[in-house]
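J.:
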């Protein structure tokens, strides 16, 4: 592994860390699409900054571009406040307009500007180690490493300093306001950090990857935990994991590093989306099926309790009267038998056991009063086997 | 040139039409997500066929756009992630994957691959007659389906539960309208590109929404606006060097949306402000009149004159409002004295009644 390779992986990992922190809060605050808007609308800020400084890594350019990002947020909010259109429409109107202005500015000055829309949107991590920062003749490393390192340090500092405020204002804006934290200040603070991170990272990895690095790790972490600290840690871990594995994947395919990091993020998210315990797709579908069977079971038991006559309690009657298909009827019957709720005698008549009687009476109480979510506790008490 | 203008006009019309539904269904950003999600489809279609036939590529884009759309729905309905997160996820992940494939294709020894990146930023100049025909056919198809299922779309849009109750297959209608939105977006990729497509979808609809409250009129207006943006944008970009069509169309559209926000008669900010000021003036007028009424009430003769000075104790009074009351013939002025006319008394007592009625 050459030093250039090491540097690329280091930059990618730092970008992933710097994006994961604001990304987590954006996802929790339901503002994920704002990051997409910011990443596009910084373009005119970048172009103007580039006219002035002629240097893509100058702090002034980063500030100007970040300012455009904050302006985007303000514009979106102002349009939304008029009540003429919804928030998502406001976002969808603002950022293409700003992006268009940027594209036209670049096109009009194509001769004297070395800035390419492709480069802004897609970035080229592979070139990052060639643009080096030298202090009094000594080579101290790639410029973008320093830029993103500084941004990451500031972000972590702000996170630690304002963790409590961020946490409360994210989950309960009303409480935060009544405790004396200004939700507006925290909101714009977060937006500024997101803008600065986007600008600092775009040069290395491109605007789209910034969006991916902000949203995907946080979304994947959100499927695994409900603890904010754990979520932040997991998001950072997924970010770095995909940054490093993405680099080697790109190395192997000889393709865009930004693209392959995003692909890795996609794979990680897909795996977690499918297999996350309790919140993943498979777990959710399994639970839905389980609940469906259990509701059928309760319906069946109630039916038995209401009817003493033999004709209503015959096994075959289930399929005829309650209109269940054979397999479903059998599943329900088996489940009831396994849980000792019913007995079936030699005439194929079904009757409730004592335990079944108890459970059914409680279930009726629950249905009449409908208090809280007792039904799950009741199921835990009575069921030996779940549906 | 004629082909390009016609192409952008048709594209504007169809995106405007379908965009109305996207905006009203609060799916505005879906356009943005889908246009990005279409990229891997284009790349895979190229990898599989090795040819740059725009119809094949669009088919790939359509399939990948649809997969993206339904995955977004899957995420929103099956997990606790919100729609904004789902949109952002699909947008960036699909786009990144598409970029990976595009860079991979560029390394392939296939001379055909140049020009795939026109789908990123769009090049209206590459439109040829067959593309325009395709757009026209799709637009015709959209129009037919819209007219056929107009009632269903409308009910689904405004009251989904009701549509379900009266027996419409809401899922099928939903899929139908979403598929058409995806189709319109994919068609526009070649002309305005991935990034600006969302504005093409939203801007005509957002502008049209300001001028009407009726769905039919809105869809029609959005189509007209969209076509107009296309023609106008193409004309401006053709008149100068180095101006790509897509961004100019988007800017034209944005300016017009702003114009609609400000100047639309019923919802616009300008007229809203004017109405607000007018209401405030009316209120001041009524306050003055009511104050006079209370004074006049204490006298047997309602036209008994009073000095203007006693009105000074009351904040709503200005010379302007007094003059207006005179103009309306509610009050007569003689030197420093004013008196209510019978008409003014009548009006003021009714005003009072109305207020108490409203309070009850």
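Residue numbers (the working numbering), protein chains in the order written: chain A, -5 to 381; chain B, 3 to 362.
Note that the Cβ used here is the ideal one computed from N, Cα and C, for glycine as well.
Computed from a prediction, not measured in an experiment: that's the story for all the values here.
Going along chain B in order, which residues have a C-beta closer than 7 Å to the C-beta of residue 233/A?
T.: Ordered by position in chain B, no residue passes the 7 Å Cβ test against residue 233/A, which lies about 13 Å from the chain.
J.: Three Cβ pairs or more, each shorter than 8 Å: is that satisfied between the stretch 63 to 83 of chain B and the stretch 180 to 193 of chain B?
T.: yes
J.: Using a beta-carbon distance cut-off of less than 7 Å, what residues from the stretch 94 to 107 of chain B approach chain A?
T.: 94, 95, 97, 98, 99, 101, 102, 105, 106
J.: Measuring only the C-alpha atoms, how far is residue 267/B from residue 66/A?
T.: 27 Å
J.: Output, in chain order, the set of chain B residues within a Cβ distance shorter than 7 Å of residue 27/A.
T.: 31, 86, 89, 90
J.: Buried or exposed, going by whether 16 or more other CB atoms sit within 10 Å of the CB of residue 360/B?
T.: Since pLDDT at residue 360/B reaches only 47, below the 50 mark, its modelled position is unreliable, and no value is offered.
J.: Applying a beta-carbon distance threshold of less than 7 Å, which residues of chain B neighbour residue 213/A?
T.: 83, 87, 91
J.: If you measure from the beta carbon of residue 246/B to each beta carbon in chain A, is any gap under 8 Å?
T.: yes
J.: When you compare each of 256/B, 244/B, 153/B, 217/B to residue 230/B by their alpha carbons, which one comes out closest?
T.: 256/B
J.: Please list the terminal residues of the continuous alpha helix (DSSP H) segment that includes residue 129/A.
T.: No alpha helix (DSSP H) contains residue 129/A, which is instead part of the beta strand (DSSP E) from 126 to 129.
J.: With a Cβ-Cβ cutoff of 8 Å, do residue 61/A and residue 88/A count as a contact?
T.: no
J.: Does any residue of chain A have a CB that is nearer than 8 Å to the CB of residue 252/B?
T.: yes
J.: Assuming residue 253/A contacts residue 105/B (C-beta within less than 8 Å), just tell me the rounded distance between them.
T.: 6 Å
J.: At 7 Å on the CB atoms, spell out the chain B contacts of residue 83/A, in chain order.
T.: 25, 30, 204, 208
J.: Sorry if obvious, but does the Cβ on residue 66/B come closer than 7 Å to a heavy atom of the ligand MG?
T.: Summarising the ligand content, the structure contains no ligands, and the ligand MG is consequently not present.
J.: With distances taken Cα to Cα, identify the nearest neighbour of residue 341/B among 352/B, 303/B, 326/B.
T.: The option with the nearest alpha carbon to residue 341/B is 303/B.
J.: For residue 259/B, decide whether its Cβ has a neighbour in chain A, counting only Cβ atoms nearer than 8 Å.
T.: Yes, contact with chain A.
J.: Scan the stretch 193 to 214 of chain A for residues whose Cβ lies nearer than 7 Å to a Cβ of chain B and list them as they occur along the chain.
T.: Taking 7 Å as the Cβ-Cβ cut-off against chain B, the residues of the stretch 193 to 214 of chain A that qualify are 202, 203, 205, 206, 209, 210, 213.
J.: Provide the residue span of the alpha helix (DSSP H) that contains residue 179/B, from first to last.
T.: 172 to 213
J.: Taking all protein chains shown into account, decide if residue 242/B is buried (16 or more other Cβ within 10 angstroms of its Cβ) or exposed.
T.: exposed
J.: CB-CB under 7 Å to residue 214/A, same chain, minus the five flanking residues each way: which ones, in chain order?
T.: 232, 262, 263, 266
J.: Check whether the Cβ of residue 307/B lies closer than 8 Å to any Cβ atom in chain A.
T.: no
J.: Mapping DSSP to helix, strand and coil, what is residue 9/B?
T.: helix
J.: Once the 5 residues before and after residue 353/A are set aside, which same chain residues still bring their CB inside 8 Å of it?
T.: Result list for residue 353/A: 295, 335, 372, 376, in chain order.
J.: So, are the CB atoms of residue 332/A and residue 378/A less than 8 Å apart?
T.: yes
J.: In the DSSP output, what is residue 133/A paired with across the bridge?
T.: 128/A
J.: Tell me the start and end of each unbroken beta strand (DSSP E) in the stretch 11 to 53 of chain B that is at least 3 residues and wholly inside, in chain order.
T.: Correct list: empty.
J.: Spell out whether any CB of chain A is found under 8 Å from the CB atom of residue 111/B.
T.: Residue 111/B does not count as touching chain A.
J.: Starting from residue 334/B and walking both ways along the beta strand (DSSP E), at which residues does that stretch end?
T.: Taken as a continuous stretch (DSSP letters only), the beta strand (DSSP E) holding residue 334/B covers 333 to 336.
J.: I'd like to know if residue 298/B contacts chain A, where contact means its C-beta is closer than 8 Å to some C-beta of that chain.
T.: no
J.: How many angstroms separate the CA atom of residue 2/A from the CA atom of residue 252/B?
T.: 37 Å
J.: Show which residues of chain A have a CB atom less than 8 Å away from the CB atom of residue 201/B.
T.: 86, 87, 90, 91, 94
J.: Grouping DSSP H, G and I as helix and E and B as strand, with all else coil, what is residue 360/B?
T.: Annotation note: pLDDT 47 at residue 360/B (below 50); position unreliable, no value reported.
J.: Return the chain-ordered list of same chain residues with a C-beta closer than 6 Å to the C-beta of residue 10/A, the five sequence neighbours on each side being excluded.
T.: 207, 233, 234, 237
J.: Thinking C-alpha only, which one of 130/B, 160/B, 325/B is nearest residue 336/B?
T.: Per the Cα distances, 325/B.
J.: Identify every residue that forms a DSSP beta bridge with residue 338/A.
T.: 344/A
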